[in-house]
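Undergrad: Here it is, the structure, as structure tokens.
Residue numbers (the UniProt record's numbering): 1 to 1026.
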């Protein structure tokens, strides 16, 4: 047997390309004396065996000849446990590699299900690890839509609803002899999309294994974009050459869902894998995917045929309603271990740049032992938030303190708490408290949430805008999985995943938690949505649980250490999540664990904020040391980060437009097809959304928009915002130069803040960009119009805290109209300060006359310092910057190629469209109700004509729904726009202060325009004022 194995390995090495260096003829070898003698003896010894196989047992030889151990390294599926010996491996009917001491399946595998009468039965009575094989199995096919099909592996006695379609873009072939399935694309080439025939199929009560093969070209998935393998062939050809992930939500990974995209023959297709219970996924270098389950049961493959990334996104994403605009803002929180409500409130600080708060992640746990002693201080804080226009999101874990009184009693009486195997209620530890765990899929959960709502209503007397469901994998700080004797197959990765959560054998209604674990957080999210959205659809539910294709709910990733590696990994996570339907995935900025050093990781934290400023949801939540901008060590870091957040605010309405514009475009197209003009459209028509419309991902990997260019596949440090803005980040410390790939299908890319043009070509589309830690490198493709809202180029942003509605009237029944800015109702007041003057609604002017005069003089002093003279224009500039909605446009044109055209959209109350050429900008569908928009400036970036900045503070609400603005009617800058001014991608660092300058000086210069002289800086600053 050893000799046979050595010969097999020799032949395998030959097939893998390891050929001898010296060639000899067969005659030379045969005529050597020793060789001839050995060959003669070998043939004499072999002749009885040949006679036996050829004459006596011919049939058996034919069957065994179907299987071979000559399997390429990249396709070797491990057989049995990782520590199988030679003897155990051969007894399991598998192949053994003596050099690497690894056991693997033959090709084809000897473990399969074959037809036996009307059933499919296992080829072996037991699996390689000794569990009894389930003897009746079935594959059902459910054709969901012309582009999506479900393949379900289940017991023959289970009934699975299925559907068959006549017109579809795929063909499913379930084999008759073996239980295998293949799916093909209905095109001329008949591309194979999926097959389960390249590996074993084993099913038992406590162990199952199944393989699927999607592509031989490129595979994406498991929170990563392109899957690559690190191999060290000098030491071991297969060392570190597989990717393994355990799908069992835990403290280190509660956000993975098994979704894959595959690329082959110029087209994309994808699959979602659905299974309750622990699922180990191993990906071989050949891209063969091996699934191993500890619970048996049903495994469901949902295949989508694409063929483009946009098609695949729509097929995998679910349809949801439009999230409110405020959710796109900055969410601020603290994450203390303190359960003293008074101390929790005292350490809370309110920052102007945050749009929503949770006060503290631990406030709910603190309330459970508070006994209503701190109701007043809590509501004073919340009232202050509300008056400042801030939203309140309550962080709620699923854990229920046993000290919570009526809430705990209610849960126990409903019998929805998990219990030990002896029948007692299971309790664990969470944030220093003894807690129990509700089952949110229980039939009594609605009644429990009603009691929960009563509980929190005793403390919070204002409206709660939403809930952040945290730690809901769910965490139990006391439980460590030690006894694994129940499971015949168990790895260290599984033991780690199944620790610090509810024990796998805890039960509710006699159903083990292991069968519900992966859906626990999802059940909590759905239960909260069902309860609260019925009474108030505007209540937002954010959750740590990630769901398949959920395009509305924010997924809040937790337990992130601050490191450069983690920053890069979570960019990949967010990008892949976004294109597979989870558009709003949030990673805590600068991490949310104690593993952070503000002094040594300042550059990392700055870069993290720059990355977060391009994401749809920005969340700051951490224990001490706190990571909000005001808490960082240096003024340089604080001012750099605040400037990045200002730029994000300028782009935020554009981000929102990208996410939801497809819904509005669909409505506009429908109206046009019905020959109804836009002028006749009811004002609120575009908010009545059809459920069949899918949202669009905001951030996406480069291959999403440029999938025909395979050079974009491995890019992880650059990505797209929508289809028009390219972002690149330096993801290693102290990086001075970045290589940025500009897809050549776009002829010209413009640096976003400077207008500098980069032409591309098919032979070399890489460009070098010099960077410092404050740079936000962004490019705009030709043909795009990017709207910027507010006056953020001057670092002056609209402050809703300063915006209130007051009605001046001495009548008994004054006009009562609700005004909205930025999708937020303005608060109502009876007194207001304007330029230091206090007005009241009755115009009595009785309030603090002396103080008012003093404040008015101070404000006049400010105006005089800010302008050469106290003119109407100076007052108008300050008013526009602080109150009105200003819209600025970046127009990217290539005037060397006809037609000279750029397009863009902006979602206000309706979807506003822009088109531009080399002479004018056309604006369509400007809203008529609640319109308070001003056109600030237009920056025209172009090739073939000078790039110029046009400025005009023009009211956009008095020219009708559709109008044209020619560049000539807008005052032009006195000199051509510098390609370096306003640039954060500047190729020089001359604007940076010298090492001898103070930190304050660095802060000021890093946020100013990167010009090479004081004079050019001054010119640009004045030119960007509306």
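In this text, a Cβ means the ideal position worked out from N, Cα and C, and glycines have one as well.
In this text, all values refer to a predicted model and were calculated from it rather than measured experimentally.
#1: Buried or exposed for residue 292, going by 16 or more other Cβ atoms inside 10 Å?
#2: Residue 927 and residue 910: beta carbons closer than 8 Å?
#3: DSSP has residue 525 in a bridge; who is on the other side?
#4: Among 137, 467, 207, which residue has its Cα nearest to the Cα of residue 533?
#5: Give the list of continuous alpha helix (DSSP H) stretches no shorter than 4 residues that lie fully inside the segment 713–743.
#6: Out of curiosity, what's the CA-to-CA distance linking residue 644 and residue 714?
#7: Hey, is the segment 650–665 in contact with the segment 364–383, meaning 3+ C-beta pairs nearer than 8 Å?
#8: Per DSSP, what are the beta-bridge partners of residue 495 in this structure?
#9: Using a 10 Å radius around the Cβ and a threshold of 16 neighbouring Cβ atoms, would you call residue 462 buried or exposed?
#10: Give the single residue among 146, 942, 202 whose Cα lies nearest to the Cα of residue 185.
#11: If you draw a straight line from the C-alpha of residue 217 to the C-alpha of residue 262, how long is it?
#12: Note down the Cα distance separating residue 755 from residue 698, rounded to an integer number of angstroms.
#13: Kindly give me the distance between the Cβ atoms of residue 652 and residue 328, rounded to whole angstroms, as I take these residues to be in contact under 8 Å.
#14: Taking C-beta to C-beta, are residue 141 and residue 170 nearer than 8 Å?
#15: Check the DSSP bridge columns for residue 504 and list the partner residues they point to.
#16: Is it the case that the Cβ atoms of residue 407 and residue 451 are separated by a distance below 8 Å?
#17: How long is the line joining the alpha carbons of residue 384 and residue 459, rounded to whole angstroms?
#18: Could you tell me how far apart the beta carbons of residue 521 and residue 535 are, in whole angstroms, since I believe they sit closer than 8 Å?
#19: Could you give the distance in angstroms between the alpha-carbon of residue 628 and the alpha-carbon of residue 620?
#20: Could you check what DSSP says for residue 365 in three-state terms: helix, strand or coil?
#21: Would you report the Cα separation of residue 763 and residue 585, rounded to the nearest angstrom?
#22: Closest to residue 268 by C-alpha separation, out of 896, 708, 959, 912, would be which residue?
#23: Could you tell me which residues DSSP puts in a beta bridge with residue 246?
#24: In the structure shown, what three-state DSSP assignment does residue 174 receive?
#25: To which residues does DSSP link residue 264 through a beta bridge?
#26: Which residues in the same chain as residue 984 place their Cβ atom closer than 6 Å to its Cβ, once the five residues preceding and following it in sequence are excluded?
#27: Report back the beta-carbon spacing between residue 364 and residue 397 to the nearest angstrom; my notes put them in contact at under 8 Å.
#28: Drop a sphere of 10 angstroms on the beta-carbon of residue 139, count the other beta-carbons inside from all chains shown, and report buried for 16 or more, exposed for fewer.
#29: Are there 16 or more other CB atoms within 10 angstroms of the CB of residue 749, so buried, or fewer, so exposed?
#30: Using beta-carbon positions only, say whether residue 288 and residue 75 come within less than 8 Å of one another.
#31: Going by other Cβ atoms of all chains shown within 10 Å of its Cβ, with 16 needed for buried, is residue 275 buried or exposed?
#32: Considering only the alpha carbon of each residue, which of 108, 215, 152 lies closest to residue 163?
#33: DSSP has residue 182 in a bridge; who is on the other side?
#34: Excluding the 5 residues preceding and the 5 following residue 156 in the sequence, name in chain order all residues of the same chain whose CB lies nearer than 8 Å to its CB.
#35: By how many angstroms is the C-alpha of residue 740 removed from the C-alpha of residue 1049?
#36: Distance, Cα to Cα, residue 889 vs residue 902?
TA: Based on what the coordinates show:
#1: buried
#2: Closer than 8 Å, so yes.
#3: Partner(s): none; residue 525 has no beta bridge.
#4: Minimum Cα distance to residue 533 is reached at 467.
#5: none
#6: So the two alpha carbons sit approximately 27 Å from each other.
#7: no
#8: Note: residue 495 sits in no beta bridge, so no partner.
#9: exposed
#10: Shortest Cα-Cα distance from residue 185 to any of 146, 942, 202 involves 146.
#11: Rounded to the nearest angstrom, the two C-alpha atoms are 8 Å apart.
#12: Distance between the alpha carbons of residue 755 and residue 698 is about 23 Å.
#13: 5 Å
#14: no
#15: Beta-bridge pairing links residue 504 to no other residue.
#16: yes
#17: Their Cα atoms are separated by approximately 15 Å.
#18: Separation of the CB atoms of residue 521 and residue 535 is rounded to 23 Å, and the pair is thereby denied contact status at 8 Å.
#19: 6 Å
#20: helix
#21: The straight-line gap from Cα to Cα measures roughly 36 Å.
#22: 708
#23: Partner(s): 280.
#24: strand
#25: DSSP lists 267 as partners of residue 264.
#26: Only weak support is given to the placement of residue 984: the predicted model assigns it a pLDDT of 37, under 50, and the value that follows is read from those uncertain coordinates. Excluding residues within five positions, the ones whose Cβ falls inside 6 Å are 753, 775, 776.
#27: 7 Å
#28: buried
#29: buried
#30: yes
#31: Answer is buried; the Cβ neighbour count reaches 16.
#32: 152
#33: 173, 195
#34: 119, 120, 136, 137, 138
#35: As shown, the chain starts at 1 and ends at 1026. That puts residue 1049 outside it, with no answer to give.
#36: 11 Å
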